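Visitor: I have a structure here, written as structure tokens, and I will follow up with some questions on it.
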Amino acid sequence: MNGLLHEAAHWLVGVAEAIAVAVIVTGLLQNLLYLWQLLLAARALAQDPSIGAPAVLWRRFADAAPPITLMAPAYNEALTIVESIRSLLALQYPNFEVIVVNDGSKDETLKVLVEAFELTPTHRHYPLAAPCAAIRGLYAGAKQPRLLVIDKENGGKADALNAALNLSRAPIVCSMDADSLLEPDALLRAVRPFVDDPERTIAVGGTIRIANGCKIAFGRVVEVGAPRNVLALLQTVEYLRAFLMARLAWSRISALTIISGAFGLFRRQAVLDVGGYSHGTVGEDMELVVKLHKHYRRLGKPYRIGFTPEPVCWTEAPESWSVLARQRARWHRGALETFFRHRDMILNPGYGRIGLVGFGHILLVDVLGPIIEIFGYVLIPAFWLLGLLSADYLWAMLAVTFGFGIVISVGALALEEAELRRFPDAKSLLILMGAAVLENFGYRQINNFWRVRGAWQFVTGAQGWGTMTRRGFKTS
Amino acid sequence: MSPLAIIWITALVLIALALGWMSGLIVLRLINERRAGRLAADRRAVVEGLSALLRDVPDAIDALRAYAHRARLMADVLVEFQGLIRGADQERVLSQLREIGLVDVLVARLERGSRAGRLTVLEALSALGGETARQAMRRAIGSPRPEIRMAAVKALADNGNPPSIGRLLDYAVGGELEPSRLYAELLRQVAAADPAAAMKALERADLSPQLRALTLDALGFSGDYQVVPLLIAFAGHAHFEVRTAAVRALGRLQHPAGEGAIGRAMEDESWTVRSAAAEAAGAAGFSRLAAGLDRLLGDAEWWVRFRAGEALFALGVEGRAVLRLAAGSERPLAHRAAELALAEGDAT
């Protein structure tokens, strides 16, 4: 009996050690990956620094800038749509049009648009190149020749973007959220890769920033500030890390797998070549980018998916735990949907860096990472309480993990500070540094829990977006 | 050293690194804020000095002399300021800046420092002009950085001394300049300024179809009818991009001699050429091609149908009559294309 117990205890210690090693190795690999991203991003920013003044951008690029269609899907946005569209129409770009898609709104989105911009029914010849729900009508007005409104049956964001894609006649389209705020020179900044390398560039992503805490007037961020809400503050650091570090780094080595749905430029024909935006996924933005990679890799055609580190778009971050939890679970579900839909690309050398680095990164950080980390949070303290693991090692490893986490977040802030410096004063910087430390103690762990919930929703086939309750931008 | 000690030391080093980095960032920010304040004050002083030059204030140039050694500051302000003035005023300011030796300061800055600074310095040198500046801009074409090379070529062009079209094509063939949209714009300017040289350059065998197409496209903006026979010849080229560019250029020039080539292009196997031909027929107002456009209304490719409809509408009464006939016809694609072309044309 004693021998059996001894054997069981020995086996349990072995299991505990194996789990501890798996957690440590995964964590270390993740941190090394982040460190690599940090170095790649720093190099990218040093080699291609920001062009500060909009006037300089205009002087250098306006003559060669290709026409762009801004595609703004709107669903039940009657309260804010007019101001958002006015702000879009005032963008500084030589040749663009705005296509607003009223995606079967149940409120008065269409009515307020028609009244505010004095629109009347119009006609436009268009191909049904990308699948979309029935278009009920088109509206345009003489006073705003750059604006076209599509009224269609509800079909979701991907469907609405497909409708705009069909109606667009510009070679470049810009997908965005109708409630996002664009920088006045956003298009001019983001279009640069299309100007510099028109043959190969098929898509360009832009940096999204959190608008909470900023001063907003007439649909524009007029003064950048750190959010007062802790949750929004933590997300500000998170966004810096995601955009300024991760996406910039991956774009540098041609392994970028996502361009945020809040802002992205695409060559229209390339999007149509892959069948437009995909229906039936909550991650249509990532799905599109992966489809583009796949298409061009299979054809063996040289292509480039770029990324602009300068902030081009501002979005409202959730300030409530429940809304944020739903958003993060949904994002994770979207990532997993795309990952498994294109599982033939995972670590497949036939897809080059996108298969090895891009999909390898998703596998480690998005698929395995959250699950292993949650296992670690639950099992390692349990094993320690049972006396199966050494407390000394446990604390030491935790200290390394937190140390790495803080270095990475501070590194992302350093990139911002070195090249962009958009936060107005040292006080904002100090607050953000506090957040960079704080996020490692609780927020990161909760975030992992939400991601595991997203994975569960994916496994169980849960559908839908959940409710995103927006407070609306406070205007000054 | 025990593994445990190594792990603890790693953790402590990481935390110390993070704390040190954070402190460094805050200190740098405070220093930068002061520096930015001083820089803003210096910029204001230079702008005031330049304004004083315009107003012929005595000793205005002496005030500017104090800043003349600061290449980046002077280049930044000069590029912005000279965009606001024209003619004799502009020349007066520039000549006085040349006199205080700004060109030499900028030329020296072109050899060192940040890339952003060099780009601005090139723009400033372009504005200042003169042989020393031009030589420096030409030297910058040999820079290892592609954006500096492009900016140098553009600076020379803005200064009124663009490279010849042959040299410009050499740069692209040799890989010194990428065929970017900026390059295409420059090629357009140079070809339009010297169509004969552009025609000669098209005889070269080392041009890729893309470069040939860019040159033909540029010729379409020249307004010189001597290029028409050449464009007609290239409208039958083996590569579809070259044919497309030639047909588009013919449409832009609107010369009657191009009608036959555009009509033939309507039958091309490539849809981009057919689409360009439809567009060209409408732009040039070749109403004799209305029957061909009517046929293209039933093309399998949407862009060809759309351009044909647009062109027929642009042809006026005659074209619209063809559209109305097609709209009432039994040809489903042509019927729909014509109907929408009429509706859209009336709406805009």
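Listed in order, the protein sequences are those of chains A and B. So in numbering that gives the first Met the number 0, spot 170 of the first sequence is number 169, and the numbers just go up one at a time. So in numbering that gives the first Met the number 0, spot 280 of the second sequence is number 279, and the numbers just go up one at a time. Glycine residues also receive a C-beta, built at the ideal position from the N, C-alpha and C atoms. Note that the structure is predicted; figures quoted are calculated from it, not measured.
Only counting the same chain, and skipping five residues up and downstream in sequence, which positions put a Cβ closer than 8 Å to that of A4/B?
Guide: For this step, residue 4/B is matched to residue 5 along the second sequence. For A4/B, where only same-chain residues beyond five positions count, there are no Cβ hits under 8 Å.
Visitor: For the putative contact between A190/B and S163/B, defined by C-beta atoms under 8 Å, what is the C-beta separation to the nearest angstrom?
Guide: Looking up residue 190/B in the second sequence gives position 191. Looking up residue 163/B in the second sequence gives position 164. Going by Cβ atoms, the distance from A190/B to S163/B rounds to 11 Å, so no, they are not a contact pair.
Visitor: Taking only three categories from DSSP, how would you classify M175/A?
Guide: Here residue 175/A corresponds to residue number 176 of the first sequence, with the count starting at 1. Note: M175/A maps to strand in three-state DSSP.
Visitor: Looking only at its own chain, which residues have a Cβ that is under 8 Å from the Cβ of L364/A, when we skip the five neighbours before and after it?
Guide: Within the first sequence, the letter at position 365 stands for residue 364/A. At residue 364/A the sequence reads Val, which differs from the Leu that was named. The answer, listed in chain order, is Q29, L32.
Visitor: Quick check on N94/A: buried or exposed, where buried means 16 or more other Cβ atoms within 10 Å of its Cβ?
Guide: Position 95 of the first sequence, counted from the first residue, corresponds to residue 94/A. Per the 10 Å Cβ criterion, exposed.
Visitor: Answer yes or no: does any C-beta atom of chain A fall closer than 8 Å to that of W7/B?
Guide: If you number the second sequence from 1, residue 7/B lands on position 8. Flagged as an interface residue toward chain A: W7/B, by a C-beta distance shorter than 8 Å.
Visitor: What does the alpha-carbon distance come out to for the pair V377/A and T25/A?
Guide: The residue you call residue 377/A lines up with position 378 of the first sequence. The residue you call residue 25/A lines up with position 26 of the first sequence. In a straight line, the C-alpha of V377/A is about 16 Å away from that of T25/A.
Visitor: When the distance is taken between beta carbons, is V190/A closer than 8 Å to A54/A?
Guide: If you number the first sequence from 1, residue 54/A lands on position 55. If you number the first sequence from 1, residue 190/A lands on position 191. Not a contact, by the Cβ cut-off of 8 Å.
Visitor: Out of G257/B, R330/B, L27/B, point me to the one whose CA is closest to P224/B's CA.
Guide: The sequence position of residue 224/B within the second sequence is 225, counting from 1. What sits at residue 224/B in the sequence shown is Tyr, not Pro. Ranking the options by Cα distance to Y224/B, first place goes to G257/B.
Visitor: For L180/A, which of helix, strand or coil comes out of DSSP?
Guide: In the first sequence, counting from the first residue as 1, residue 180/A sits at position 181. In the structure shown, L180/A sits in a strand (DSSP, three-state: E or B).
Visitor: Roughly how many whole angstroms lie between the Cα atoms of R469/A and A177/A?
Guide: Here residue 469/A corresponds to residue number 470 of the first sequence, with the count starting at 1. Here residue 177/A corresponds to residue number 178 of the first sequence, with the count starting at 1. Note that R469/A has pLDDT 47, beneath the 50 cutoff, so the model's placement of it is unreliable and the number below is only indicative. Their backbone Cα atoms lie some 13 Å apart in a straight line.
Visitor: What does L339/B touch in chain A if you count any residue whose Cβ is under 9 Å from its own?
Guide: By 1-based counting over the second sequence, the position of residue 339/B is 340. Under a criterion of Cβ atoms nearer than 9 Å, the residues of chain A adjacent to L339/B are, in order, H122, R123, H124, Y125.
Visitor: Count the C-beta pairs between the region 33-50 of chain A and the region 63-80 of chain A that are closer than 8 Å, then say yes if the count reaches three, no if not.
Guide: These segments do not touch.
Visitor: Could you give the first and the last residue of the continuous beta strand (DSSP E) run that contains F193/A?
Guide: Locating residue 193/A in the first sequence gives position 194, where the first residue counts as 1. Per DSSP, F193/A lies in no beta strand (DSSP E) segment; the continuous alpha helix (DSSP H) that holds it begins and ends at 191-195.
Visitor: Does G386/A have its Cβ less than 8 Å from a Cβ in chain B?
Guide: Translated into positions along the first sequence, residue 386/A becomes position 387. No - not a single Cβ of chain B is within 8 Å of the one on G386/A.
Visitor: Whose Cβ in chain B lies nearer than 7 Å to the Cβ of P197/A?
Guide: Translated into positions along the first sequence, residue 197/A becomes position 198. What P197/A touches in chain B: S179, R180.
Visitor: Please compile the residues from chain A whose C-beta is within a distance smaller than 9 Å of the C-beta of R71/B.
Guide: As a first step, residue 71/B is located in the second sequence; it is residue number 72 there, counting from the start. Near R71/B there are no residues of chain A at all, since even the closest Cβ is about 12 Å away, more than 9 Å.
Visitor: My output table needs one value for P126/A: the three-state DSSP class, helix, strand or coil.
Guide: Reading the first sequence from its first residue, position 127 is the one you call residue 126/A. DSSP places P126/A in coil when its eight states are reduced to three.
Visitor: Note down the Cα distance separating M175/A from L176/B, rounded to an integer number of angstroms.
Guide: As a working mapping, residue 175/A is identified with position 176 in the first sequence. As a working mapping, residue 176/B is identified with position 177 in the second sequence. M175/A and L176/B: Cα-Cα distance of roughly 33 Å.
Visitor: Report yes or no: is there a C-beta of chain B within less than 8 Å of the C-beta of G493/A?
Guide: Residue 493/A is absent from the model: chain A starts at 0 and stops at 475.
Visitor: I'd like the list of long-range same chain contacts for H68/B, defined as Cβ closer than 8 Å, with 5 residues on each side in sequence excluded.
Guide: If you number the second sequence from 1, residue 68/B lands on position 69. These residues qualify, in order along the chain: V104.
Visitor: Using a Cβ cut-off of 9 Å, pull out every chain B residue sitting near E438/A, in sequence order please.
Guide: Within the first sequence, numbered from 1, the residue matching residue 438/A stands at position 439. The contacting residues do not exist; E438/A stays about 13 Å from chain B at best.
Visitor: Closest Cβ-Cβ distance between M244/A and chain B: below 8 Å?
Guide: Here residue 244/A is taken as the residue at index 245 of the first sequence, counted from 1. So no, M244/A is outside the interface.
Visitor: From the DSSP secondary-structure annotation, give me the bridge partner or partners of Q143/A.
Guide: Here the question's residue 143/A lines up with position 144 in the first sequence. According to DSSP, which records beta bridges pairwise, Q143/A is partnered with G140/A.
Visitor: By Cβ distance, which residues of its chain are closer than 6 Å to A159/A, with the 5 residues on each side in sequence left out?
Guide: The sequence position of residue 159/A within the first sequence is 160, counting from 1. Here the set comprises P72, V100, D102.
Visitor: What is the residue span of the alpha helix (DSSP H) that F403/A lies within?
Guide: Translated into positions along the first sequence, residue 403/A becomes position 404. Here the alpha helix (DSSP H) through F403/A covers 390-414.
Visitor: Note down, in chain order, all residues in the region 294-313 of chain B with a beta-carbon under 7 Å from any beta-carbon belonging to chain A.
Guide: Within the region 294-313 of chain B, W301, F305, G308 place their CB atoms closer than 7 Å to a CB of chain A, listed in sequence order.
Visitor: Can you find a C-beta in chain A that's less than 8 Å from the C-beta of L29/B?
Guide: Position 30 of the second sequence, counted from the first residue, corresponds to residue 29/B. So yes, L29/B belongs to the interface.
Visitor: Would A398/A and W7/B qualify as a contact pair, given that the criterion is a beta-carbon distance under 8 Å?
Guide: Along the first sequence, read from residue 1 onward, the residue named residue 398/A stands at position 399. Along the second sequence, read from residue 1 onward, the residue named residue 7/B stands at position 8. The answer is yes: Cβ separation under 8 Å.
Visitor: Around the C-beta of M0/B, are 16 or more other C-beta atoms found within 10 angstroms, so that it is buried, or is it exposed?
Guide: The sequence position of residue 0/B within the second sequence is 1, counting from 1. It is exposed - the Cβ of M0/B has fewer than 16 other Cβ atoms within 10 Å.
Visitor: Secondary structure at T468/A, three-state DSSP: helix, strand or coil?
Guide: The sequence position of residue 468/A within the first sequence is 469, counting from 1. Confidence in T468/A is poor, its pLDDT being 47 and thus under 50, which makes the residue's placement too unreliable to answer from.
Visitor: What's the gap between the Cα of E130/B and the Cα of V102/B?
Guide: Position 131 of the second sequence holds residue 130/B. Position 103 of the second sequence holds residue 102/B. Between the alpha carbons of E130/B and V102/B lies a gap of roughly 10 Å.
Visitor: Between E416/A and chain B, is the shortest Cβ-Cβ distance under 8 Å, so that the two count as touching?
Guide: Indexing the first sequence from 1 puts residue 416/A at position 417. Yes, contact with chain B.
Visitor: Within 10 angstroms of the Cβ of V46/B, are there 16 or more other Cβ atoms? Answer buried if so, exposed if not.
Guide: Locating residue 46/B in the second sequence gives position 47, counting from the first residue. Burial call: exposed.
Visitor: State the DSSP-derived secondary structure class of A202/A, mapped to helix, strand or coil.
Guide: The sequence position of residue 202/A within the first sequence is 203, counting from 1. Strand, per DSSP.
Visitor: Tell me whether the beta-carbon of L369/A lies closer than 8 Å to the beta-carbon of R246/A.
Guide: As a first step, residue 369/A is located in the first sequence; it is residue number 370 there, counting from the start. As a first step, residue 246/A is located in the first sequence; it is residue number 247 there, counting from the start. The sequence shown places Pro at residue 369/A, rather than the Leu named in the question. Their beta carbons are not under 8 Å apart, which means P369/A does not touch R246/A by this criterion.
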